[in-house]
Every structure is written in structure tokens, then in C-alpha cells.
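Asks: Sequences listed follow chains Z and D, in order. Each residue of the first sequence is one higher than the last, beginning at 153 in the numbering used here. Each residue of the second sequence is one higher than the last, beginning at 16 in the numbering used here. For each residue, glycine too, the CB sits at the ideal point set by N, CA and C. Quick one: the structure is below, questions incoming.
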Amino acid sequence: MPFNLESLLSKQSKIGQSRSSVLNPLQWMTVIIVGGLASFVYVSAAQWLIILMAVLLSSTFALFAGAFIYFMIREPGTLRSEDYSLAKHALDKGLFTPEIANRVLFREKKIKAGQSIEVKDVKELKETVGRGRRSRPLAADAGEPQ
Amino acid sequence: MTEVENKPILRFYADFPDEWEGFTEEMKAKLGDFLERLQANPYDGRIIENSEKHGQYYGSRVGPLRVYWKVEPKKGEPTSLLAPPGSINILAVERADER
């Protein structure tokens, strides 16, 4: 396969735009340092340069491992890809289906007509709902859309 | 005026008590916490951020439930975020797995 600079640049720019996780910058830093270290070894660069790159690589890797463990414990969601987060968000939405919309509108009419249970304070919810259950007329919800 | 009097009244649909009886303790606890926050401030940023809005109706996932509501302004007040809410109509509470 021939070397294609445009294709490579295109891929690089896409990688930059879609960060896969919170650790993505550290992963790229590791790749760049490994590349630099390999190049220095290949061209037999000065010993101190190779040692410097090796130290940098070790530090970056230690930081990566530390960050991974930290996020794994504290915020596992940040280790997932952005695509996953967006897809999950999209799945969580879409709450208003046509059936729900019908039910909501029907019940709103009933509430406006006075067929409702009023709770002044949520702390009284159990008590008020229990009372409402005992006193509710059986035909209160006749004709409700399913 | 007491704190409770300042809070908007929650109005539930008539069928709610029967549904409430069928909820697990976990569902009841999560719903109770959510309604408490909603009643304290119906325009709480955290609630709005996690809700889907359709006109004046809101829907949100609350643990294993989906809750739908509408904020009614006080009588004579315009419908606006600045208007003090008079009541919150809880229009549906569905189990999230019932789709």
C-alpha cells in the first residue's frame, strides 16, 4: 500500500477531534515519546538524550496508570468513549412517546377538572397517597388511554 | 408564611395511589427524594439538565422510573421561569422497563 500523506493527515485530524476518553492525551503523549525514543536509539543519539526520553516515558506511563486507577475508582464514566456517552444520552432521552403524550394530556385534563390528589409537602406523601387510595372513586380514571 | 406554604403544591393524577402501592421501597425512596427536590425548586439546574422538555411538559428518569410533570404558575401569573410556581402537576410515573 503506497504511503499517502493526505490520508494520514485526515486520520490524524479525526483523532484530534474525537477524544475517546479522558486519558486520550496521555496515550498520545506516550506514543510520541516512544516514537522519539525509538528514533534516538536508531540514530545512536547521545546517551543523555536516550536516558531523558526513557525517564519521560516512564513518568508518562506512571501518570497514565495512576490516572486510570483514579478515574476507575472515582469516575468510571470518564474512561468510556465520548461516542458511548453520546449514544447513552440519546437512549436516555426520547421519553415522550405518543402513548405517554396521550396519557399526560388526558391526566392533565382530569387534574384540571379537580380529580387529583394534592400533597403540600413531599414528606407527607405516603400518608396523603394512602388516604387518596381509600377515598378515590372507582370511576375516577375511566376512559384513560393505555 | 411558613416554608411549606411557600412550596408549590404537588398534584397527582387520581390513579397514582394504586401505582404507588405497586412500587418497590427503592422506587418509593428515589421518587420521594426527586419530588422533594422538585418541590423545593422546580427549576433546579440539575433537574432541568437531566430532563427532556416538550413545551411546558417535562420528563425525567428517576432511578428505575420515568416521571412526567408540568409546572403551573400561580393564578394570574404568566408562565415564566421568573413566575413563582403555584403547583406541580405530576402527570405520569412509569417504570423505566415498561416501553
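#1: Could you tell me whether the segment 273-281 of chain Z touches the segment 21-32 of chain D, using the rule of 3 or more Cβ pairs below 8 Å?
#2: For the beta strand (DSSP E) that contains E270 (chain Z), what are its first and last residues?
#3: Measuring straight from C-alpha to C-alpha, what distance separates D48 (chain D) and A206 (chain Z)?
#4: Going by CA-CA distance only, name the one from D:R76, D:G78, D:P57, D:Y73 that's closest to P100 (chain D).
#5: Sort out for me which residues DSSP pairs Y116 (chain Z) with in a bridge.
#6: Do you know how far the Cα of E227 (chain Z) is from the Cα of A197 (chain Z)?
#7: Please confirm whether E260 (chain Z) and R26 (chain D) have their CB atoms less than 7 Å apart.
#8: Please classify A107 (chain D): is it buried, with 16 or more other beta-carbons within 10 angstroms of its beta-carbon, or exposed?
#9: Just to confirm the assignment, what range does the alpha helix (DSSP H) spanning G101 (chain D) have?
#10: Check whether the Cβ of A29 (chain D) lies closer than 7 Å to any Cβ atom in chain Z.
#11: Label Q179 (chain Z) either buried or exposed according to how many other C-beta atoms from any shown protein chain fall within 10 Å of its C-beta, with 16 as the threshold for buried.
Replies: Quick answer:
#1: They touch, by the three-pair rule.
#2: First-last of the beta strand (DSSP E) with E270 (chain Z): 268-271.
#3: In a straight line, the C-alpha of D48 (chain D) is about 53 Å away from that of A206 (chain Z).
#4: Ranking the options by Cα distance to P100 (chain D), first place goes to D:P57.
#5: The structure shown does not extend to residue 116 (chain Z), since chain Z spans only 153 to 298, so no value can be given for it.
#6: One C-alpha to the other measures close to 42 Å.
#7: Not a contact, by the Cβ cut-off of 7 Å.
#8: Under this definition A107 (chain D) is a buried residue.
#9: Note, G101 (chain D): premise wrong, no alpha helix (DSSP H); beta strand (DSSP E) at 100-110.
#10: True, the Cβ-Cβ gap to chain Z drops below 7 Å.
#11: It is exposed - the Cβ of Q179 (chain Z) has fewer than 16 other Cβ atoms within 10 Å.
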